Amino acid sequence: MAAASAATGRSGRARAAAAAALVLCAFVHFPFARIDPRDGRAHFDFVYDDADFVTTNASIRSIPRALEAFAQPFPPDQPERGLYRPLTNLSYAIDWAAFGESARGWHVVQTVLYAAVVLLAWALARAWFPGELAPFAAALVFAAHPVHAEAVDSLAARSELLALGFALASWRLFDASTRPGAPRARALGALSALAYGAACLSKETGALLAAVLVLALLARDGAAGGAARFARRAFDAVSLHVAVLLLYLAARLHVLGGLGPAAPVLAGIDLHTRIVTIGAVFAEYARLLLAPTTLQLDFYYQQTIGVPDAWSLRAAAGWAAIALGLGTFGLAATRALRGAPTALDTPRGAAIAGLGAFFVFLAPVS
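Counting from 1, position 302 in the sequence shown corresponds to residue 302 in my numbering; the numbering is continuous, with no gaps.
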């Protein structure tokens, strides 16, 4: 018993050290976030969309006004954006109450939120993979990846951190609630649905998590009893999430009068140009993931890539990558639905959950 107790103590200390290392890695973004190459000093200011979402947003000047904004677009004076993010707006109001116009405090909160997201990603990875090394390595890559500079360093990207954080929490709770013989499964499922609702109210992409949870269930357990049986089990597992999604869509429709922006970015653009643009943008996304040698604080593809109407090597490479990714996902999912064994720590399970989540969350911006 003494040996077991000592082993448990060592394991606990190792996890605490790993958590501390991940938090430290997450905070590396903070001191280097705003370094101006002209003077080598860090500047913590409100920039780009921070002006619309923070500095001129009257609804965050008090908590009561932010609560009233649950029935208003985000930000309230720009309904044409087609955004409904009341929880993000409330977080801004809390920061305003604490720091006022001092942007440094806002950036500290932004980095703390990122550290929390990193720990949630680690918790989810630990539920997927055996041992401690693989989950820690995955979380470390996530924490240190330069592509997250935009989400951490731009206050306007607060919605990204909140939506992802709540989505990861919902996913982890869902995973725990759907395992065979899980204690307090109903309570965990309800908490997962609640976190899912918070993700929806933080950013629109959070609503897509319900589909990701179904794919994660398939990736983890497969469909040994057939596709129809899996479909029934999946619907039962996400029924609360579907109810939350319907409530969210009803609230969004009531507040905005529609589900999308008044003027979509590519409105009036012909289909051929849209297809070429999707390929070029996806190629840039792939570069940012695999070789993030140059970054921007706020990535607008209209400025960096434009809206090309002629095929290029970049656009073709982007579509080749899309075809490869979707093909790999489709093959893995089809085999799982036909009864092939799968698990999250196998190539098939990783393809279903990882590639599935990637393409599902990317779909709205395509």
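Note that CB positions come from ideal geometry on N, CA and C, so glycine has one too. Keep in mind it's a predicted model, so treat the numbers as computed, not measured.
Query                                                                                                            : Result
Enclosing alpha helix (DSSP H) for F142 [first to last residue]                                                  : L133 to A144
CB of G222 within 8 Å of CB of A336, strictly                                                                    : yes
Local Cβ density within 10 Å of A58, reported as buried at 16 or more and exposed below that                     : exposed
Presumed contact (8 Å Cβ cut-off) between L215 and A357, rounded CB distance                                     : 7 Å
Minimum C-alpha distance to F230 - residue among L213, L240 and A243                                             : L213
Nearest candidate by alpha-carbon position, reference A141, set V47, A121 and D52                                : One detail in the question is off: residue 141 reads as Val in this sequence, not Ala. The residue with the shortest Cα to Cα distance from V141 is A121.
Assigned exposure category for T277 - 16 Cβ within 10 Å defines buried                                           : buried
Inter-residue spacing [alpha-carbon to alpha-carbon] between S159 and R85                                        : 8 Å
Simplified DSSP state of D36, which is helix, strand or coil                                                     : Annotation note: pLDDT 48 at D36 (below 50); position unreliable, coordinate value reported separately. D36: strand per DSSP, three-state reduction.
Other residues of its chain near R274: CB distance less than 7 Å, five sequence neighbours each side excluded    : L266
For E101, the three-state DSSP class (helix, strand or coil)                                                     : coil
Exposed unless 16 or more other CB atoms sit within 10 angstroms - verdict on R220                               : buried
F361: first and last residue of the uninterrupted alpha helix (DSSP H) it sits in                                : G356 to L362
Contact check, S202 vs A163, beta carbons under 8 Å                                                              : yes
For G260, the nearest candidate out of R81, R15, L247 and A26 (CA to CA)                                         : R81
Inter-residue CB distance, P415 and D52 (contact presumed, cutoff 8 Å)                                           : Here the chain comprises residues numbered 1 to 366, so residue 415 is not present and cannot be evaluated.
Runs of alpha helix (DSSP H) lying entirely within the stretch 246-293, each at least 4 residues, in chain order : 271-290
Where V238 falls, given that 16 or more other Cβ within 10 Å makes a residue buried                              : buried
3 or more residues per run - each beta strand (DSSP E) lying fully within the stretch 180-253                    : none
8 Å Cβ cutoff met for A190 and L240                                                                              : yes
E405, enclosing alpha helix (DSSP H) - first and last residue                                                    : With the chain covering 1 to 366 only, the question about residue 405 has no answer from this structure.
Span separating the alpha-carbon of H107 from that of A211                                                       : 32 Å
Check whether A151 and A143 have beta carbons under 8 Å apart                                                    : no
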